[in-house]
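A.B. asks:
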Amino acid sequence: MWRSLLKQACNTHKSKFVPESCTSSLSSSSSTGFCQTSAFINKFRPSKATKDGFSGCPILGFRENYVFPSQKDCLGRFGFSHSGNPLTFSGKFWNFKGYASAAEAIVSNEDDLSGSEEINESVEAMIKEEKKESFSKQPKIMVGGMGVAKYNTLKRRQIKIETEAWEEAAKEYQELIADMCEQKLAPNLPYVKSLFLGWFEPLRDSIAAEQEVCKGNFKISHAAYFNELSADMMAVVTMHKLMGLLMTNTAGTGGIRVVQAACQIGEAIENEARIQKFLEKTKKKNTTDKKSATESEPETTEQGKLAKNEEKLRKKVTQLMKKQKVHQVREIVKGRDTSKPWGQEAHVKVGCRLIQLLMENAYIQPPVDQIGDGPPDIRPAFVHALKNVIKDGNKGSRRYGVIECDPLVRKGLEKTAKHMVIPYMPMLVPPQNWTGYDQGAYLFLPSYVMRTHGAKQQRETVKRTPRKQLEPVFEALDTLGNTKWRINRRILGVVDRIWANGGRLADLVDREDVPLPVEPDTEDGTEIRKWKWKVKAVKKENNERHSQRCDVELKLAVARKMKDEVGFYYPHNLDFRGRAYPMHPYLNHLGSDLCRGVLEFAEGRPLGKSGLRWLKIHLANLYAGGVDKLSYEGRVEFTESHLDDIFDSADRPLEGKRWWLSAEDPFQCLAACINLSEALRSSTPEATISHMPVHQDGSCNGLQHYAALGRDKLGAAAVNLVTGDKPADVYSGIAARVLDIMKRDAQEDPATNPNALHARLLINQVDRKLVKQTVMTSVYGVTYVGARDQIKRRLKERGAIADDTQLFVASCYAARTTLTALGEMFQAARSIMGWLGECAKVIASENQPVRWVTPLGLPVVQPYRQLGRHLIKTSLQVLTLQRETDKVMVKRQRTAFPPNFVHSLDGSHMMMTAVACKKAGLNFAGVHDSYWTHACDVDEMNRILREKFVELYEAPILENLLESFQKAFPSLNFPPLPERGNFDLREVLESPYFFN
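Note that full-length UniProt numbering numbers the sequence shown so that position 936 is 936, with each residue one more than the last.
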């Protein structure tokens, strides 16, 4: 009988009793007398016995005082009792008094069960099984999309990365030095790391000596700040920061301006000092040196209270740190931190002294295999030099100081990235939500919601803005920051192989320099001059290659560090116009094809039918070369006609036909080939999981915003705001207009129309590529001179016109013609640009900056002011710091306002779309006018971004802007609003190629 009962209990223990309050009714009873959907006993495990036999039922989630309503009998006359213990069951079989399980109820019935070992063993096995299942069925608490334990582990690692990176580097050098002394052997280290190791100890000792000199001697300009951080950490920050600056110098010359290096090193020292001070404050004060109560002097009541409060606060901070309540800790410490910011002057003084100490202690000699038979050539690794820069129009020159590194150090820079301390790495846990100007993003590293670049008025304006007004902006930044990424290891593997073999493929730079031309054995002055020009050109090319190699190394160093992580996040902040950017500078989705190729969403989603189609379209877009101008059906057809090439690319990227290398975005194209091959080879392609971000890009997005502002029908049709069979190409449209004008001019008599000769010369050169850059930059206020230089570069690349004078004159004519064609096609855009410029001129003429509020509530202040010079005497040289004056730059305020205003609108559109996509359950990433999501969600994102664009422009944006100007400057006269057309914005909702 008991075996039978146990068997029945085991068979039914997977079900649950569900009270009537949770479900409308229980299932009908089975023939055995047990409820089919309810376990006979399962999950009733009291946490603690009471006089009634039961104290609560936490697993079910019921409160202790919950009274079950009566139910139909499920087992004979089995029902819930209304009296006394709510979990006392009255029935013919037994009284069930809150036992955890049937097995435990049976065990408690000693009279019937005693002596049966077989039953006891069965019961024990049941209890164990039930406990295991009970634990597994408890709802898992999630934080940031992961379990609490995993989140806490990653958070601890993140805090360590942010607070101990420099300290860990210093410890490593100390340990290496100790090992070297102990073993009397130099460790086998990479060249650059061996340099750091050689410089670390003498630099640290020199800094420590300087710190002793600075104590109490405030006549030294940097003395007040020089003891804020330990000598070993200051040494590490100085070495790594200077080498990092030399690596990221885009000129690739192996030099960096003193003022730039000093500012950044000084700022890094301040940031690290604040973090260390913060961490010190959270440590419990050592009480071992306190005087005993009998020895101590009697303290006042006030002193006692202060001491107690201090101790309480210290304990609170320590507890919060243990619980990883970082936000609360930051708030407490911020409130207690009375130290003022150092300021730029202190930064350069501290930075200059540290650079000077590094130069005095950092030496270099060639590697052993390069020394030869002579004595070792030991020389300084860094030198300080003064250079002249010629001012505009050769009106004079200005001197500035630079720190230059030795050629050996410069060569080593390309292999330095993997040994560098890189602050502001991608985060392992979701960023802190933004709640204020300097509250959000990284847990400990200084984080600011806006990159103001020292523009005081903009910074103060954002700080004063009520939090409620900024909440939409904060929400959008949090949404972008919470997108989880991971490294695409297959693409990274291909990149590593190409890079190890010297680069040169897939737009990767050649890892070798161009050999310098051999000096001609002649005294001919003309030949010598030609040789010198060639040497200059080769050196310039090699400098550019060096800069690009350093850039690739930094990107790959970050990718390699992150490749084993399950996922990571990019905290975002804004520029002053309201455009969002990732705070990590090297490997992010705003970067090059290399960056975008090795990044993918951490979350994978099944492709589905629409996703498979969008993946094919996406591959065609990445291949480009005109394919991206076809209709969607044409792009799908292109992809399907190249399936053999796609499979070959996925299977043998470097050994096969290498079809993917002919794409405009080769690494992204290869990633798409791999994903599509996997799907098409699957028995269920639509069920294939895809991590690939699929892009939808605006069609000349700046002109789209102008067309919407002006309700311009002609402009709207040119930039795909209306329905069409295939995407309209605005660049081809402008090129066609330019060609028509030139054809007319070419028929004129050169004697009466000098443009006739230029037209005849250029008529075969006009295509979309010639005019594309000028059209793109037209919305940014490109001038005639800018357009001329752009077109001149294109013509020079083609080598169509050999004579420089003829090339210049032809470029002038082509630029004028292109701007005329633009004016004809985008009249509304031109009139709005002109109106915005005039308004800015009126305001700036009153010595006021142009300011406005974006549709999302972000206040914008244009930062263009005349800069004054401030001389600071440092230990290295007299530095000139540029500081804002009270005088605004009228011309710059006027010319910059139209593009800045449009950028603030495209930033608003992107952020509105991001928040709406999050609410719809989509993963979203944005690159200004390029929106990304999973392939299966592209249709939904397309619907959302069109709705948000219409919502944005249904508001009276220009009317609101004019009203804000008139309210701020009631005494000024502003020009009337430009006339607008009758384009129906709702057409955007049906336009398939608006973003495509």
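Note that CB positions come from ideal geometry on N, CA and C, so glycine has one too.
If valine 719 sits next to valine 730, beta carbons under 8 Å apart, how far is it from one beta carbon to the other, in whole angstroms?
C.D. replies: 6 Å between Cβ atoms; contact.
A.B. asks: Assuming glycine 503 and valine 494 are in contact, meaning their beta carbons sit under 8 Å apart, how far apart are those beta carbons, in whole angstroms?
C.D. replies: That pair is no contact at about 13 Å.
A.B. asks: Between which two residues does the alpha helix (DSSP H) holding glutamine 458 run?
C.D. replies: Its alpha helix (DSSP H) spans residues 456-464.
A.B. asks: Between the Cα of alanine 273 and those of Pro202, Ile355, Asp564 and Ala165, spot the shortest distance and give me the residue it belongs to.
C.D. replies: Nearest C-alpha to alanine 273: Ala165.
A.B. asks: For the putative contact between phenylalanine 568 and proline 423, defined by C-beta atoms under 8 Å, what is the C-beta separation to the nearest angstrom?
C.D. replies: Not confirmed; about 15 Å, so no contact.
A.B. asks: Please classify isoleucine 498: is it buried, with 16 or more other beta-carbons within 10 angstroms of its beta-carbon, or exposed?
C.D. replies: Buried, because 16 or more other Cβ atoms sit within 10 Å of the Cβ of isoleucine 498.
A.B. asks: Give me the DSSP bridge partner(s) of cysteine 405.
C.D. replies: Looking at the DSSP assignment, cysteine 405 forms a beta bridge with Phe382.
A.B. asks: Could you check what DSSP says for glycine 611 in three-state terms: helix, strand or coil?
C.D. replies: Residue state, collapsed to three classes: helix.
A.B. asks: With a 10 Å radius around its C-beta and 16 neighbouring C-beta atoms as the bar for buried, classify serine 83 as buried or exposed.
C.D. replies: The pLDDT assigned to serine 83 is 38, lower than 50, so where the model puts this residue is not dependable, and the model offers no usable value.
A.B. asks: Where DSSP assigns a beta bridge to tyrosine 864, which residues make up the other side?
C.D. replies: Per DSSP, none; premise fails for tyrosine 864.
A.B. asks: Considering valine 853, what are the terminal residues of the beta strand (DSSP E) in which it resides?
C.D. replies: Its beta strand (DSSP E) spans residues 851-853.
A.B. asks: To the nearest angstrom, how far is the alpha carbon of glutamate 979 from that of glycine 921?
C.D. replies: Cα-Cα distance, rounded: 41 Å.
A.B. asks: Sort Phe969, Phe601 and Arg986 by Cα distance to lysine 948 and report the nearest one.
C.D. replies: Residue Arg986 is the option with its Cα nearest to lysine 948.
A.B. asks: Need the endpoints of the beta strand (DSSP E) that proline 582 sits in, please.
C.D. replies: Per DSSP, proline 582 belongs to the beta strand (DSSP E) from 580-582.
A.B. asks: State the DSSP-derived secondary structure class of arginine 504, mapped to helix, strand or coil.
C.D. replies: Of the three classes helix, strand and coil, the one that applies to arginine 504 here is coil, per DSSP.
A.B. asks: Is histidine 453 helix, strand or coil by DSSP?
C.D. replies: It is coil, neither helix nor strand.
A.B. asks: Among Asp513, Val514, Ala506 and Val535, which residue has its Cα nearest to the Cα of proline 520?
C.D. replies: Nearest option by C-alpha distance: Val535.
A.B. asks: Using the C-alpha atoms, what's the distance from tyrosine 706 back to residue 1067?
C.D. replies: Because residue 1067 is not part of the residues shown, which for the chain are 1 to 996, the question remains open.
A.B. asks: How many Å lie between asparagine 996 and tyrosine 931 at the Cα?
C.D. replies: Going by the C-alpha atoms only, they are around 10 Å apart.
A.B. asks: Please name the residue in Tyr864, Thr854, Leu858 and Pro859 whose C-alpha comes closest to that of asparagine 847.
C.D. replies: Considering only alpha carbons, the answer is Tyr864.
A.B. asks: Kindly indicate the opening and closing residues of the beta strand (DSSP E) around glutamate 884.
C.D. replies: Unbroken beta strand (DSSP E) run through glutamate 884: 878-888.
A.B. asks: Buried or exposed for asparagine 982, going by 16 or more other Cβ atoms inside 10 Å?
C.D. replies: Burial call: exposed.
A.B. asks: What residue from Ile689, Ile646 and His572 has the CA that sits closest to glycine 608's CA?
C.D. replies: The option with the nearest alpha carbon to glycine 608 is Ile689.
A.B. asks: According to DSSP, alanine 925 sits in a beta bridge with which residue or residues?
C.D. replies: Looking at the DSSP assignment, alanine 925 forms a beta bridge with Trp932.
A.B. asks: Please tell me whether glycine 351 and cysteine 263 are closer than 9 Å, where the distance is taken between their beta carbons.
C.D. replies: Closer than 9 Å, so yes.
A.B. asks: Going along the chain, which residues of its own chain have a beta-carbon closer than 6 Å to the beta-carbon of valine 566, five neighbours each way excluded?
C.D. replies: If we look at valine 566 and ignore the five residues flanking it on each side, it has no Cβ neighbours.
A.B. asks: Can you give the Cα-Cα distance for residue 1027 and alanine 925, rounded to whole angstroms?
C.D. replies: What the structure shows of the chain is the stretch from 1 to 996, and residue 1027 is not part of that stretch, so it cannot be assessed.
A.B. asks: Pop quiz: phenylalanine 826 and leucine 703 are said to be a contact at Cβ under 8 Å. What is the actual Cβ separation, rounded to whole angstroms?
C.D. replies: Confirmed, Cβ separation roughly 6 Å.
A.B. asks: Out of Thr639, Lys629, Asp628 and Gly604, state which residue places its alpha-carbon closest to the alpha-carbon of arginine 613.
C.D. replies: Nearest of Thr639, Lys629, Asp628 and Gly604 to arginine 613, Cα basis: Thr639.
A.B. asks: On the three-state DSSP scale, how would you describe serine 38?
C.D. replies: Residue confidence is low: serine 38 scores 36 on pLDDT, short of 50, so the model does not pin down where it sits. Its coordinate-derived value is still stated next. Note: serine 38 maps to coil in three-state DSSP.
A.B. asks: Is the number of C-beta pairs between the stretch 578-586 and the stretch 597-605 that are closer than 8 Å three or more?
C.D. replies: No, the stretch 578-586 is not in contact with the stretch 597-605.
A.B. asks: Alpha carbon to alpha carbon, what distance is there between arginine 892 and glutamine 866?
C.D. replies: Glutamine 866 and arginine 892: Cα-Cα distance of roughly 10 Å.
A.B. asks: Pick out whichever of Ala671, Arg760, Asn388 and Lys918 has its Cα sitting closest to the Cα of residue 1051.
C.D. replies: Absent from the model: residue 1051. The displayed extent of the chain is 1 to 996, so no value can be given.
A.B. asks: How about glutamate 686 and alanine 624: do their beta carbons lie closer than 9 Å?
C.D. replies: It is not a contact, given that the beta carbons lie outside the stated cut-off.
A.B. asks: Got a sec? Which residues, its chain only, sit under 8 Å from threonine 442 by beta carbon, not counting five neighbours each side?
C.D. replies: As written in the sequence, residue 442 is tyrosine, which differs from the threonine given in the question. Closer than 8 Å at Cβ, skipping near neighbours: Glu162, Tyr424, Met427, Pro431, Gln432, Pro571 and Met583.
A.B. asks: Determine which residues share a DSSP beta bridge with arginine 157 and list them.
C.D. replies: Answer by DSSP bridge pairing: none, since arginine 157 is not bridged.
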